[in-house]
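Engineer:
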Ligand code: MN
């Protein structure tokens, strides 16, 4: 038997400091997971975590120290940046207890959850799914994956690290992953109740406050302390 068309390329992210690749299975994203961002989106209180997905081929892999060109997507006039800590799952499982979550983490990366906010807003209003606002081509730039042991001590999930994003040199988002409403361990616990996590899954953990529009020509520089950086130019 042979394929009737060329099979799609396996999405993969380089592992920092090595010549190895982390093959990507699914890309999960957590919505409204920092208090101040939830507020700016019009919500208060600790609602249960909720999830959406992006296709793995929406990733734009950005090599360490380089700047990737990312096309401004069609159909929007309100493209927003959302800088996020990304967790890479190395060992899968169902019903993972928060206390065991660290054992399932391969590493961490810096990612951008690019969002067509106007289309997402329309979908919300009409009770429609979010894919058109969230899961479009090139919507998930990501930097190299840093191994968990190099980022967080003692096998525990990363609980504290500055997270920031500059646009054209000016800081737009600045927070700390300690401010996640649902921390990494709790997120893995919730997610694995509804889906079986698989090696290769990525989890975009949510963005802090300060999301705003970007336009073609803008230079976006994200960072999570101890994890790495991410640089893209919208073209
Ligand atoms: Mn997001």
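In the working numbering, the protein residues as written are 869 to 1103. Cβ coordinates follow ideal geometry from the N, Cα and C atoms, glycine included.
(1) Going along the chain, which residues put their C-beta within less than 5 Å of some heavy atom in the ligand MN?
(2) Measure the C-alpha to C-alpha separation of residue 931 and residue 913 and round it to an integer number of angstroms.
(3) Have a look at 1012, 1039 and 1024 and flag the residue whose alpha-carbon is nearest the alpha-carbon of residue 887.
(4) According to DSSP, simplified to helix, strand and coil, what is residue 1037?
(5) Relative to the C-alpha of residue 902, which candidate in 1050, 1096, 1080 and 985 has its C-alpha closest?
(6) Is it right to say residue 911 is buried, meaning 16 or more other beta carbons lie within 10 angstroms of its own, or is it exposed?
(7) In three-state DSSP terms, what is residue 964?
(8) For the candidate residues 920, 870, 879 and 1097, whose alpha-carbon lies nearest to that of residue 1063?
(9) Could you name the residues of the same chain whose beta carbon sits closer than 6 Å to that of residue 1078, not counting the 5 residues immediately before and after it, in chain order?
(10) Rounding to the nearest angstrom, what Cα-Cα distance links residue 905 and residue 1047 in this structure?
(11) From the DSSP secondary-structure annotation, give me the bridge partner or partners of residue 985.
(12) Could you pull the start and end residues of the beta strand (DSSP E) that residue 929 belongs to?
(13) Give me the DSSP bridge partner(s) of residue 1006.
(14) Quick one: what does DSSP say residue 1026 is sitting in, helix, strand or coil?
(15) Between residue 961 and residue 1065, which are expected to be in contact by the criterion C-beta below 8 Å, what is the C-beta distance as a whole number of angstroms?
Structural biologist: Once the coordinates are examined:
(1) Spelled out in chain order, the answer is 950, 981 and 1075.
(2) Roughly 38 Å between the two C-alpha positions.
(3) Closest by alpha carbon: 1012.
(4) The answer is coil: DSSP assigns residue 1037 none of H, G, I, E or B.
(5) It is 1050.
(6) Per the 10 Å Cβ criterion, exposed.
(7) In this structure, residue 964 counts as coil in the three-state DSSP scheme.
(8) The option with the nearest alpha carbon to residue 1063 is 920.
(9) Cβ-Cβ distances below 6 Å link residue 1078 to 1040 and 1041 in the same chain, with the five nearest sequence neighbours on each side left out; the list follows chain order.
(10) C-alpha separation (whole angstroms): 11 Å.
(11) Answer by DSSP bridge pairing: none, since residue 985 is not bridged.
(12) Residue 929 -> beta strand (DSSP E) spans 927 to 929.
(13) Answer by DSSP bridge pairing: none, since residue 1006 is not bridged.
(14) Look at residue 1026 here: in three-state DSSP terms it is coil, with no helix or strand label.
(15) By a beta-carbon distance limit of 8 Å, residue 961 contacts residue 1065. Their separation comes to about 6 Å.
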